[in-house]
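Since the structure comes first, as structure tokens, the remarks are kept for the end.
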Amino acid sequence: MLNKVEKLKINYKTLEEFKKFKEYGHQELSMLEDLEANIVENDSDSPFYGIYFGDMLVARMSLYQVKKQFDRYFEPPHDYLELWKLEVLPNYQGKGYGKALVEFAKSYGLPIKTNPRVKSQDFWDKMGFTPVHYDVERDRGENPLVWYPAGVTEQLQ
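Following this line, the structure appears as structure tokens:
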């Protein structure tokens, strides 16, 4: 399968691969700090996922599961996924890698929340994500987008 999503191991090889992403100026997307804080050689219980082209990591994201008791977005309340730091290296953009990562996240069947990067709205629209009604207390300056699986709607405050 061309765009096989893999759970990334937390090790020094992965740390080196992440440095390639930071070089492209997406400081706010860098997972290096997260990785360094949690590094245990070959720890496979990580929130990081990626796609390799050959032996090169070309796309990555982090997925965190939020328990339903903390859900302030979905009705009925659900465990949901928070998708962070989706990034595809510039030379590999437009080839389905980002879509493959999002489809992988959707395969869990849970609602998904993300905070998109600037100039990425078209991508998230194509992936079926929609904005929530902004709530100052809840959203704190973020502009979250969400994806609803069947039977789930927006939680009204």
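Counted the way the UniProt record's numbering counts, the sequence shown spans residues 1 to 157.
Even for Gly, the Cβ is constructed at its ideal location relative to N, Cα and C.
Which partner residues does residue i have in the DSSP bridge list?
| i | result |
| --- | --- |
| Ser62 | Phe48, Trp84 |
| Phe74 | Glu154 |
| Lys113 | Glu82, Val146 |
| Lys7 | Tyr49 |
| Met56 | Phe53 |
| Pro131 | Leu145 |
Which residues in the same chain have their Cβ closer than 7 angstroms to the Cβ of residue i, if we skip the five residues on either side of it in sequence?
| i | result |
| --- | --- |
| Glu28 | At Glu28 the pLDDT is 40, less than 50, meaning the model places this residue with poor confidence; the figure from the coordinates comes in the next sentence. Within the same chain, Glu28 has no close Cβ partners at all. |
| Gln65 | Asp79, Leu81 |
| Lys68 | Pro77, His78, Asp79 |
| Glu142 | Asn115 |
| Asn91 | none |
| Ala145 | Checking the displayed sequence, the identity of residue 145 turns out to be Leu instead of Ala. Correct list, in chain order: Thr114, Pro116, Trp124, Phe129, Thr130, Pro131. |
| Lys126 | none |
| Gly109 | Pro149 |
Suppose contacts are defined by Cβ-Cβ distances below 9 angstroms. Is residue i in contact with residue j by that definition?
| i | j | result |
| --- | --- | --- |
| Ile112 | Lys106 | yes |
| Trp84 | Asn115 | yes |
| Gly50 | Glu17 | yes |
| Leu101 | Val5 | yes |
| Phe48 | Lys7 | yes |
| Gly98 | Phe129 | no |
| Leu89 | Phe21 | yes |
With a threshold of 9 angstroms between beta-carbons, can residue i be considered close to chain B, or not?
| i | result |
| --- | --- |
| Tyr97 | Annotation note: the requested chain B is absent from the structure, which comprises a single protein chain. |
Which residues in the same chain as residue i place their Cβ atom closer than 8 angstroms to its Cβ, once the five residues preceding and following it in sequence are excluded?
| i | result |
| --- | --- |
| Gln155 | Asp71, Arg72, Tyr73, Phe74, Glu75, Pro77 |
Closer than 6 angstroms by C-beta to residue i: which residues in its own chain qualify, once you throw out the five before and the five after it? Chain order, please.
| i | result |
| --- | --- |
| Phe104 | Val5 |
For this session: Would you be able to state if there are at least three C-beta pairs under 8 angstroms between the stretch 133 to 152 and the stretch 69 to 79?
Result: yes
For this session: May I ask you to verify whether the stretch 50 to 63 touches the stretch 131 to 141, counting CB pairs closer than 8 angstroms and requiring at least 3?
Result: no
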